[in-house]
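First comes the structure, then the notes that go with it.
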Amino acid sequence: MRERELPEWVDDLLVTLRQGNGTLDPLFVWWTGRRWVVLDGHHRLEAYRKLSEATGKPVLVPVKVSQAKDSEQAILEANRENSKDKLNTTLDDKHRQAWYMVVMGIGGSVRAIAEATGSSKSTVGRMRKIRDQLKLMKYSQNRLLGLSWEQAVQCSKGDQNGSYRGVIDEDEGLKDEGTRWAERLSKLFGSKLKDAPDIAALMLLSYGRATTKRILQSRFLWKIRTEIEQEEQAEALAEDFDGDVLEDITTVPEGSPL
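Numbering-wise (the working numbering), the sequence shown opens with residue 490 and increments by one.
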């Protein structure tokens, strides 16, 4: 799914919640031994959060529990769930998942990664070749993770056709203008916006609900929000596992809310 489509998709899910029986397909979750991690269903979770905010009431979120015994198995299961032909799953989604697994070196064989993500075996094989090529070009793992599959292909060619240059130039222009605005606000308020985020949020709301909503739906803010969720998930997956807890994860451990 393209970044610009993400907020709209969450709003569509929210409409489904309100018009239907109040539930969506279960989230796919995993108990690391210390806490719960959402493996699949982040957009559904966001829709439930919006519903709770709108009604002012807590909502029950249906979940399906992964039986994975380690982080790699959990990632494989998550990708299998996400690669099912859901309404919101695009070829780009499948390629993104496959590229992540290839760069991280998880998932096993080409066939296993293809089956887990819904990508073709030939595409996964090509991903491995391009990953190895970019590594020879001194690309770090973090830098590879920052590339989409399409961008990785272009980088492997030395970006000869410059197909991403226009988007990059546009975003760089917006970032420069944003920096100028930030400098003006810094001169006016000093560190107040940073030290008092609630007041900054109220200032934003003073521009009206519609404007605030448009700002929060910006692809730049959505990207940061997604990155935070991915970082938290990666940290949870990297934690030491409690084997005793993992023996039976069908019951939510006491004191361990989702």
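Think of the CB as a built atom: it goes at the ideal place given N, C-alpha and C, for glycine as much as any other residue.
Let me know the secondary structure DSSP gives Gly732 once reduced to three states.
-> Reliability fails at Gly732, whose pLDDT of 44 lies under 50, so the model's placement of it is uncertain and the value that follows must be treated cautiously. Under the three-state reduction of DSSP, Gly732 is assigned to helix.
Return the CA-CA distance between Tyr696 and Lys702, expressed in angstroms with no decimal places.
-> In this structure, the alpha-carbon of Tyr696 lies about 10 angstroms from that of Lys702.
Which of helix, strand or coil does DSSP assign to Lys646?
-> Lys646 falls in the coil class under three-state DSSP.
Could you give the C-beta distance for Leu513 and Arg533, rounded to a whole number, given that I count them as a contact under 8 angstroms?
-> The beta carbons of Leu513 and Arg533 sit about 5 angstroms from each other, so the pair counts as a contact at 8 angstroms.
Rounded separation between Val656 and Gly522 - CA only = Reliability of the predicted coordinates at Val656 is poor, the pLDDT of 45 falling under 50, and the value obtained from them is presented with this limitation in mind. Rounded to whole angstroms, the separation of the alpha carbons of Gly522 and Val656 is 42 angstroms.
Assigned secondary structure, Asp684 (DSSP; H/G/I helix, E/B strand, else coil) = For Asp684, the secondary structure class from DSSP, reduced to helix, strand or coil, is helix.
Going along the chain, which residues of its own chain have a beta-carbon closer than 8 angstroms to the beta-carbon of Glu604, five neighbours each way excluded?
-> Taken in chain order, the residues that qualify are Arg569.
May I ask you to report which of helix, strand or coil DSSP gives Asp514?
-> Three-state DSSP puts Asp514 in coil, outside helix and strand.
Would you check if there are 3 or more beta carbon pairs closer than 8 angstroms linking the stretch 635-645 to the stretch 604-620?
-> Verdict: yes, contact present.
Do Leu663 and Leu674 have their C-beta atoms within less than 8 angstroms of each other?
-> Taking the C-beta atoms as reference points, Leu674 is found no nearer than 8 angstroms to Leu663.
If you count every other CB in all the chains shown that lies within 10 Å of the CB of Trp670, and 16 or more means buried, which is it?
-> Exposed, because fewer than 16 other Cβ atoms sit within 10 Å of the Cβ of Trp670.
Glu566 to Phe678 span [Cα, whole Å] = If you take the alpha carbons of Glu566 and Phe678, they lie about 48 angstroms apart.
Comparing alpha-carbon positions, which option in Trp588, Gln556, Leu625 and Arg524 lies nearest Ser611?
-> The shortest C-alpha separation from Ser611 is found at Trp588.
Which residues does DSSP pair with Trp525 in a beta bridge?
-> Answer by DSSP bridge pairing, in chain order: Trp520.
When DSSP labels each residue in this structure, what does Gln550 get in the three-state scheme?
-> Going by the sequence as given, residue 550 is Val instead of Gln. Reduced to three states, the DSSP call for Val550 is coil.
Pick out whichever of Ala699, Ser541 and Pro551 has its Cα sitting closest to the Cα of Asp529.
-> Residue Pro551 is the option with its Cα nearest to Asp529.
Does the separation of the CB atoms of Lys558 and Phe517 fall below 8 angstroms?
-> No, these two residues do not count as a Cβ contact at 8 angstroms.
Keeping to the same chain, check which residues put their C-beta closer than 7 angstroms to that of Gly555; ignore five residues upstream and five downstream.
-> First, the amino acid is wrong: residue 555 is Ser here, not Gly. Short of 7 angstroms from the beta carbon of Ser555, and not among the five residues preceding or following it, lie these beta carbons of its own chain, in chain order: Phe517, Val518, Trp519, Leu528, Ala563 and Glu566.
From Asp500 to Ala689, what does the alpha carbon distance come to, in whole angstroms?
-> Using only the alpha carbons, I get a separation of about 25 angstroms.
Extent of the continuous alpha helix (DSSP H) to which Ile602 belongs = Where Ile602 is concerned, the enclosing alpha helix (DSSP H) stretches over Val599 to Thr606.
Candidates Leu503, Leu540, Gln586 and Asp621, of which the one nearest Ser645 by Cα = The shortest C-alpha separation from Ser645 is found at Asp621.
Straight-line CA distance for Gly607 to Asp581?
-> One C-alpha to the other measures close to 11 angstroms.
Among Asp665, Ser560, Arg698 and Pro686, which one has its Cα closest to the Cα of Arg524?
-> Nearest C-alpha to Arg524: Ser560.
DSSP three-state assignment for Val504, whether helix, strand or coil | The three-state secondary structure of Val504, taken from DSSP, is helix.
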